[in-house]
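Okay, so the sequence shown: first residue is 2 according to this note's numbering, each after it adds one.
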Amino acid sequence: MVIAKRQAQYVQQRSVSSRREETGFGKAKESLLPLLLYCVVAKPTSPNVLLVPGTLIDPWLGELENWPFFETILSYDQRGVQRHVTISRSQMFRNKRGEFLKIPPTLSYIFENKFSRARRLIIISTYDTHWKRTSETEVEIIPGVRHKPPKFENGKELWIKPPVKKEVYTTDYDDVFGVLVVDEAHRVKNRHTRVWQVLNMQHYDKVILLTPTPIFNSIHDLVGLLGLLSRRVLLELDDARENDAALAKNTENIIGATNEGVEETIKILREIPESDLSKAIFLRPVWVRDIVAAKTDTHVGVSRFIGLLLDLVFIQRSQASILPAVRGSPITLQ
């Protein structure tokens, strides 16, 4: 119980949590217990989301039956699990008139603000089902660059850089969920995938990532998951600095005006070498510029920022956490 209370404290104080350990060590119970305590102590008023691979739907439903505090809603179409309240595909999609969820009347409280029962709810779904049901795709045309004057060949215009169609993802489920729990989290580590981008846009109050895979085998995998965690961390960084004198001191030289847009971020990151880790995560541009300017060795500066991010992330893991390096000795994460 002491460990459970300590975990709940961390979940309440930290925006995000990462649980990394081998298969069979009880990650499900270790994630549900702090979630339960957080719901009781912090008293949030939003439903929670649990994303798992399709093959783990039944085991998780079975585990949740042992937790009477939680009410399970299944957002997944599959026979054999109808004993649980199920949100169907048609109920999850917005219709052409832009109406919100057509959920069963008994579940109308899900997205009502300040309704305490919502915190007891866990919507369990798979990665693909979740992004399909909570996001939409729009096609954006990026203008091309024409020759001056225009050039043609065989009746077709020649371009310096032709127009490009780009898929843009949007979601109507921004700031409506409470805690996000992702099992097998290493499967959503790639920030270029739709599921990663949709989860990043939905602004969960807290995030708990579970993985039995030695994620530290790849620095890119680690940075990818940190990128998924970083948005909520950065939003609450000021509060964390006010409550943590050591953190405030460590960051006083790299925290500045931080409201630059995405375009400015891209501009700054383009000036950093391809091999640099800061290209792999969403960083605020002023921080990157200040860090790099303050250090003669860019990699030292980048590690300083990653250290800042890790200070705000609770990672519980097995002891075999060694990060291989491209050059030099492997790094043991303490």
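Glycine included, every Cβ here is placed at the ideal spot set by N, Cα and C.
In whole angstroms, give me the CA-to-CA distance for Gly344 and Arg195. Residue 344 lies beyond the range of the chain shown here (2 to 335); nothing can be said about it.
I'd like to know if the region 118 to 136 and the region 155 to 163 are in contact, where contact means that at least 3 CB-CB pairs between them fall below 8 Å. no
Who are the Cβ neighbours of Pro150 in its own chain at under 6 Å, not counting the five residues just before and after it? none
If we define contact as Cβ-Cβ less than 7 Å, is Leu57 a contact residue for chain C? Chain labels in this structure do not include chain C; a single protein chain is all it has.
Work out the CA separation of Leu38 and Arg192 for me, nearest whole Å. 31 Å
Could you check whether the region 64 to 79 touches the region 197 to 211, counting it as contact only if at least three pairs of C-beta atoms, one from each stretch, sit closer than 8 Å? no
Let me confirm a value: His187 is counted as buried when at least 16 other C-beta atoms fall within 10 Å, else exposed. Which label applies? buried
Where the alpha helix (DSSP H) through Asn201 begins and ends: Arg195 to Met202
Look at the alpha carbon of Asn67 and the alpha carbon of Glu137, and state the distance between them as a whole number of angstroms. 35 Å
Please look up how many angstroms separate the CB atoms of Leu229 and Trp197, rounded, as I've assumed it's under 8 Å. 6 Å
Sub-7 Å separation of Thr135 and Thr171 beta-carbons: no
Grouping DSSP H, G and I as helix and E and B as strand, with all else coil, what is Tyr174? coil
7 Å Cβ cutoff met for Leu51 and Val182: yes
Would a C-beta distance cut-off of 7 Å place Ala119 and Ser47 closer than the cut-off? yes
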